[in-house]
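J.: Have a look at this one.
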């Protein structure tokens, strides 16, 4: 199955307080693409940060979805409020930022038309988390395992035995 995991880090860039965002695309458990970058605008809540990150990842994921039309695509998000905002009609965003509200309505439209499947994933299981946070050694090793990275030398040595 094709999926996209999304994460964001609120206001972590000290000089300008812009947030970072990242996504990891995977197909049948293997990472096929990723991106991590600083958002262009300063936001005032974690929900706004996650919505902007989610919007960008859905756009990128939809491009790949066109290539993989017959395969279902899942978007993983670790902020339950954000998932509820785009999945549930009764849940409303309270923001004075027009561009964030526009992203929210666009995402709702994509979900309503069943063009994307939004799913909550706990932060501990969020594969994109390793691209937006500073990781200690054990967290980094866990991230490497999550994205299914392997030392090619170990693989080659194992096959020669």
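Residue numbers (my numbering): 8 to 168. Positions of the beta carbon are idealized from the N, C-alpha and C atoms, including for glycine.
(1) If you run the structure through DSSP and keep just helix, strand and coil, what is residue 12?
(2) Note the first and the last residue of the continuous alpha helix (DSSP H) segment covering residue 94.
(3) Taking residue 68 as part of the alpha helix (DSSP H), name the residues at either end of that continuous run.
(4) Give the single residue among 106, 107, 88, 42 whose Cα lies nearest to the Cα of residue 98.
(5) Per DSSP, which one or two residues make a beta bridge with residue 105?
(6) Should residue 38 and residue 46 be called a contact, given that it needs their Cβ atoms to be closer than 8 Å?
(7) Are there any heavy atoms of the ligand GDP lying less than 7 Å away from the beta-carbon of residue 25, as far as the coordinates show?
T.: Concretely, from the data shown:
(1) strand
(2) 87 to 94
(3) 53 to 74
(4) 88
(5) Answer by DSSP bridge pairing: none, since residue 105 is not bridged.
(6) no
(7) Among the components modelled here there is no ligand, and therefore nothing to report on the ligand GDP.
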